[in-house]
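Enquirer: Here's a structure for you.
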Amino acid sequence: MPIDTRFDFRTDARGRDPDTWSPTLCQYHQLLWSKPLPSGILFVLTPTSRPPYYLRHSSSVGSFVLSSDAFVPAYTRYGVPKDVIKELPAAEHDFFNTIGYTIGGLILWPANRIDGKWTINQARGCLRSTIGDRMDLTLECIRRHYRGEPSPLGDVLARYSDFFAAFTDFRGYVDFWLMQDMVNADSSTIQFFTPFDDFRTRAIPQDFDTYVEYRRRSVAFIESRNARIAGSS
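Residue 214 in numbering that gives the first Met the number 0 sits at position 215 of the sequence shown; the count goes up by one each step and never skips.
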């Protein structure tokens with residue numbers, strides 16, 4: 000099955016959340032990420048047969064139930080002040096929302112709750128001031144997790160340490176998920192979508208210039224990752 004990096008997964012989700020209701024997205028995740036881990040162990044993913052769609056993996060590295068997550072929020076319905084949103088034409092909002100639901104804007108996280116606490120997906124969305132559902136800020140937390148350093152997502156990432164251990168180290172994680180365009184050449188620093196000051200600035204842009212820059216860098220990243228995905232499939 001060829002990967003169409005322009006496909007908008009909202010179109011076959013029957014009006015529901017594409018992360019769990021798009022059959023095409025589930026198939027794409029299975030095709031893309033069923034591949035060798037840095038250790039050489041094959042990360043075979045088996046999807047559920049009907050929605051809501053999840054993917055399962057079981058091997059010597061662990062047993063995981065994974066769910067999809069669109070990781071580049073447009074903030075057109077929450078977060079960014081409405082007067083900022085109104086300054087941009089509807090066509091630009093439509094484009095940004097659409098590209099965010101192509102395969103370059105999605106990833107898999109463990110879906111099981113541990114001790115009734117947040118999953119990674121839940122924590123990313125609920126920590127609005129520090130993470131705000133942004134993947135660049137999430138990736139910085141993951142980088143710090145591998146280094147044993149604290150971050151706003153430190154506790155939740157630690158709960159899923161077996162999942163992250165499957166990729167050996169941060170470089171292994173970045174390379175496996177084709178996230179190279181969000182880091183520098185040696186994966187030592189993140190290419191943030193807005194200026195970063197150690198999680199002290201609000202994650203969700205609050206002024207026009209910052210929001211426009213966030214969108215520009217988000218689109219550039221998704222386009223680059225889509226190109227990597229097309230080249231790998």
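C-beta: ideal position from N, C-alpha, C; glycine also. Only a predicted model underlies this, so the values are computations on that prediction, with no experimental measurement involved.
Taking the C-alpha atoms as reference points, what is the distance between S187 and I141?
Expert: Reading the sequence shown from its first residue, position 188 is the one you call residue 187. Reading the sequence shown from its first residue, position 142 is the one you call residue 141. Cα to Cα, the separation comes out at about 12 Å.
Enquirer: Please classify M0 as buried or exposed, where buried requires at least 16 other C-beta atoms within 10 Å of its C-beta.
Expert: Residue mapping note: residue 0 aligns to position 1 of the sequence shown, counting from 1. Per the 10 Å Cβ criterion, exposed.
Enquirer: Quick one: Cα of G115 to Cα of I40, how far?
Expert: Start at 1 with the first residue of the sequence shown, and residue 115 comes out as number 116. Start at 1 with the first residue of the sequence shown, and residue 40 comes out as number 41. Taking the straight line joining both Cα atoms gives about 30 Å.
Enquirer: To the nearest angstrom, how far is the alpha carbon of D302 from that of M178?
Expert: With the chain covering only 0 through 232, there is no way to say anything about residue 302.
Enquirer: Please look up how many angstroms separate the CB atoms of S217 and F192, rounded, as I've assumed it's under 8 Å.
Expert: As a working note, residue 217 is residue 218 in the sequence shown. As a working note, residue 192 is residue 193 in the sequence shown. At roughly 6 Å, the Cβ-Cβ gap stays under 8 Å, so S217 and F192 are in contact.
Enquirer: Three or more C-beta pairs closer than 8 Å, one from the segment 51-64 and one from the segment 149-169: is that the case here?
Expert: The segment 51-64 vs the segment 149-169: in contact.
Enquirer: Grouping DSSP H, G and I as helix and E and B as strand, with all else coil, what is I203?
Expert: The residue labelled residue 203 in the question sits at position 204 within the sequence shown. Here I203 sits in coil by DSSP.
Enquirer: In whole angstroms, give me the CA-to-CA distance for Y53 and R15.
Expert: Position 54 of the sequence shown, counting from 1, holds the residue named residue 53. Position 16 of the sequence shown, counting from 1, holds the residue named residue 15. Cα-Cα distance, rounded: 15 Å.
Enquirer: Pairs of beta-carbons, one from the segment 22-32 and one from the segment 126-135, closer than 8 Å: are there three or more?
Expert: no
Enquirer: Suppose you measure from the CA of L156 to the CA of T167; what does that come to, to the nearest Å?
Expert: Within the sequence shown, residue 156 is the residue found at index 157, counting from 1. Within the sequence shown, residue 167 is the residue found at index 168, counting from 1. The straight-line gap from Cα to Cα measures roughly 15 Å.
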